[in-house]
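Structure first, then comments.
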Amino acid sequence: MSAAGTGAPRRRPFFLPFLLVSLIAAGLFLAALGDVLHYSVRLFIPGSIEVGGFTLANFARLLRPIYRTVLLATLIISFLTAIFTLLLGYPVAYALVRVRRGWVRSLLIVLAITPLFTGEIVRTYAWILVLGTNGFINSILKALGIIGAPLSMLYTSFGVILALVQFSMPVMIMLLATAISHVDRSCERAAANLGASPLMVFWRVTLPLTTPGIVSGAVVIFAWTMSAFSTPQLIGGGKVLMLSNLVYLEGLTNLDFPLAAALSLLALVVAIGSLGLMRPAIARLERKATLY
Amino acid sequence: MRTDNEAAPHPPPAADPAANAVELVGVSKNFGAVTAVHAVTLAIRRGEVLTLLGPSGCGKTTLLNIVAGFEEPTRGRILIDGRDVTLTPPHLRDTGMVFQNYALFPHMNVFENVAFGLGMRRMPKARIATEVGRALEMVKLEGLGERRVRQLSGGQQQRVALARAIVIQPKVLLLDEPLSALDKNLRGQMQIELKELHDRTGLTTVFVTHDQGEALSLSDRIVVLNRGEIQQIAAPIELYRHPANGFVASFIGDINHLPPAECQRCGSDILFRLAPTIELAMPARADLALRDGRKAHIFVRPEHLRIADGAGEGRNRVLCQVVTHVYQGTHTLTRVEAVGLGLLQLRIPGGEIIERAPPGSRIVVTIDLDEATVLAEA
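So the sequences go chain by chain: E and L.
FYI, the numbering for the first sequence is 1 to 292, going by my numbering.
FYI, the numbering for the second sequence is 293 to 670, going by my numbering.
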């Protein structure tokens, strides 16, 4: 305490308590991660939840084709979910921000946000009712005579992605709506004034200025979908497997904790790694769209 | 309402309607129950600088937005170059607007900003480069094409906005309080540059401002607006010397509004009785329909009040008590109080008055009505 008496009393930064909270959270997370790390390098003893000595065999097991297939499927499903959520979410977010009539806006907000209030399981079961062989869509199509035999949508990647997109929409819409509401309307007016048709104004001004929102929306949904569990579990029904389902299968069905731990680490590394790979592109996009 | 047609020498007198770049015919705009613009009819002559001047909320920006097409009038028509554009969307109107906040495209550099309008007109790339180069030169930004707009100072951003608007050679240049975001010195400099730019381009210009100084120094004609209605259209000098009503008189420059006076003709003079002891005289003027016994409002500029020399009796002399002096460099604004007249403001060259007549002292003030504005009470 050499500073005492030499100068003005120092003010303690007001954010110290907040820092403490995040330190506790980080500590808990690191403890859990440490445990996973620990399990991943122990030997699996079939038929027992006890583990053996230290080994790297679990990681060698990850190289089997089945795991590569699931990893690839997870990446593809996450990517497609992010893209489709973006494509479907943008118009909704745009309307949400730009519609002038109060009641239309309220309706859009309710439609966009309410899915958040129903749990993931409830929503997923609703999708089972909609997508099933005798579900809503098939009944209607059959009644209209458009199809003879029911379409199989349940237990397909299509069904899983559909449900994941719906699940992701509220978050995407909120991120995009924030970005869109920050676009300076006078920039759009300036573009129109200079001869840009409404479509051109959108393409050359609105869309580029919302790039940060588009990027963060897509990245968040991609990373989020990478760890999706209950939707692929219930709608995939074991036929569509994502990494989390595999972790669950190995850990809680086969009681192979070491392999489950190694898979979890793989999922983590892949999620972080793919975000890292996207970074240069993201940075370029955001630089191009930096605001004042 | 006075509509002045002979005062401005700069644009030639308009005989045929094609001489008007923009015409507003009976334009009104309501926002819900609020009337922003009421029955405005206005012809903007080709090549002139016309200023829309008024306090905030007077409807001047709404009028500009109606010309640009960002607002649809509730009633009335807009013609640009004689063509009815009332229902034409903004991007097909060929107007060039400079926004109050400049509204530069933050994701484009200076060149791309200025080139935007030309690109929309599908001009060949090589010609765009030439035109943008010329426009940037005109606003003294040559060589800064590669800069990002957020690296520019406020004054430079203003110039980019100007270049972007003039490069498309619009039928009318619309300036929405373009100088209000600049600091005072820069504003004066930009005023001069705007004037030079207009001399070089000859673009018909509509300039919106609430700053009467800006309006007086930049305009060929000024439209004074209040509460959505035109108060007067006139050249700056005419407006300053002969305001059409009390609002214009008080809004343009400083003015002393004397208490209502009763008129009486007396030979070739008109006498105004302002208070039991105060009578002011003015030679009768043809433009004043003042009958005996009618009430009149007199507006006198501070520079038309003088300190009387000597103490002798004379015309229009009023005994006053000095209240304060505000020294302004080239002149001093002196406030005095006269019984029956209230507070008056004098504009006295130099600053000697501060020593000569300290607050509290009594002086005699001559009120020169030759230049005064006299309005009969309705």
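Glycine residues also receive a C-beta, built at the ideal position from the N, C-alpha and C atoms.
Bridge-paired residues (DSSP) for residue i
i, result
"Asn357(L)", "DSSP lists no partner for Asn357(L)."
"Phe84(E)", "Paired residue(s): none; Phe84(E) is not in a bridge."
"Phe323(L)", "Val326(L)"
"Arg609(L)", "Thr658(L)"
"Asp376(L)", "Leu371(L)"
"Tyr394(L)", "According to DSSP, which records beta bridges pairwise, Tyr394(L) is partnered with nothing at all."
"Val332(L)", "Val319(L)"
"Tyr619(L)", "Thr624(L)"
"Gly634(L)", "Ala630(L)"
"Arg565(L)", "Glu554(L) and Glu571(L)"
"Phe591(L)", "His549(L) and Thr665(L)"
"Leu466(L)", "Met389(L) and Val498(L)"
"Glu485(L)", "Paired residue(s): none; Glu485(L) is not in a bridge."
"Glu521(L)", "Asn518(L)"
"Ala526(L)", "Ile514(L)"
"Arg533(L)", "Paired residues: none, contrary to the question."
Cα-Cα separation, residue i to residue j
i, j, result
"Glu669(L)", "Phe564(L)", "13 Å"
"Val97(E)", "Gly388(L)", "28 Å"
"Thr74(E)", "Leu243(E)", "6 Å"
"Ile514(L)", "Ala527(L)", "6 Å"
"Ile358(L)", "Cys187(E)", "17 Å"
"Arg10(E)", "Leu20(E)", "20 Å"
"Gly446(L)", "Asn401(L)", "15 Å"
"Thr133(E)", "Val160(E)", "15 Å"
"Val205(E)", "Ala196(E)", "10 Å"
"Glu488(L)", "Val459(L)", "16 Å"
"Ser348(L)", "Arg519(L)", "9 Å"
"His534(L)", "Gly324(L)", "36 Å"
"Thr665(L)", "Asn548(L)", "10 Å"
"Pro416(L)", "Ala407(L)", "11 Å"
"Pro394(L)", "Leu194(E)", "Reading the sequence as shown, one finds Tyr at residue 394(L) and not Pro. Looking at the two C-alpha atoms, the distance is approximately 13 Å."
"Leu342(L)", "Thr496(L)", "8 Å"
"Ser227(E)", "Ile272(E)", "12 Å"
"Leu344(L)", "His330(L)", "14 Å"
"Asn608(L)", "Val464(L)", "49 Å"
Assigned exposure category for residue i - 16 Cβ within 10 Å defines buried
i, result
"Pro280(E)", "exposed"
"Ser280(L)", "Given that chain L is displayed from residue 293 to residue 670, the structure contains no residue 280(L) and the question cannot be resolved."
"Gly148(E)", "exposed"
"Ser40(E)", "buried"
"Val628(L)", "buried"
"Phe532(L)", "Note that residue 532(L) is Tyr in the sequence shown here, rather than Phe. Its Cβ being crowded by 16 or more others within 10 Å, Tyr532(L) is buried."
"Arg287(E)", "exposed"
"Glu663(L)", "exposed"
"Arg284(E)", "exposed"
"Glu644(L)", "exposed"
"Glu530(L)", "buried"
"Gly276(E)", "exposed"
"Val592(L)", "buried"
"Phe539(L)", "buried"
"His182(E)", "exposed"
"Ser560(L)", "exposed"
"Asp622(L)", "According to the sequence as given, residue 622(L) is Thr; it is not Asp. Flag for Thr622(L) reads exposed."
Own chain residues within Cβ distance below 6 Å of residue i, not counting five before or after
i, result
"Ala82(E)", "Ala218, Ile221 and Phe222"
"Ala300(L)", "Unreliable positioning characterises Ala300(L) in this predicted model, as indicated by a pLDDT of 41, which lies under 50. The coordinate reading is nonetheless provided below. Around Ala300(L): Asp512, Arg513 and Ala527."
"Phe79(E)", "none"
"Tyr155(E)", "Gly237 and Lys239"
"Leu433(L)", "Arg451"
First through last residue of the beta strand (DSSP E) which encompasses residue i
i, result
"Asn518(L)", "Arg513 to Asn518"
"Ile146(E)", "It is not in any beta strand (DSSP E) - Ile146(E) carries neither H nor E in the DSSP assignment."
"Pro575(L)", "Ile570 to Pro575"
"Thr124(E)", "From DSSP, Thr124(E) is part of no beta strand (DSSP E) but of the alpha helix (DSSP H) over Glu120 to Leu131."
"Arg598(L)", "Leu597 to Ile599"
"Val341(L)", "Val341 to Leu345"
"Val219(E)", "It is not in any beta strand (DSSP E) - Val219(E) instead sits in the alpha helix (DSSP H) that spans Thr211 to Met226."
"Leu43(E)", "Arg42 to Phe44"
"Phe54(E)", "Val51 to Phe54"
Unbroken alpha helix (DSSP H) run spanning residue i, endpoints
i, result
"Val402(L)", "Val402 to Met412"
"Leu246(E)", "Leu243 to Tyr248"
"Lys417(L)", "Lys417 to Met430"
"Val110(E)", "Gly102 to Ile113"
Neighbourhood of residue i by C-beta, 7 Å cutoff - its chain only, sequence neighbours within 5 removed
i, result
"Leu86(E)", "Met172, Ile214, Gly217 and Ala218"
"Pro305(L)", "Residue placement at Pro305(L) is flagged as unreliable, the pLDDT there being 45, under the threshold of 50; the coordinate-derived value follows with that caveat. So no residue of the chain qualifies."
"Ile113(E)", "Pro170"
Cutoff 8 Å; reference residue i; Cβ partners in own chain excluding five residues on either side
i, result
"Ala360(L)", "Pro382, Arg385, Thr387, Met389 and Leu466"
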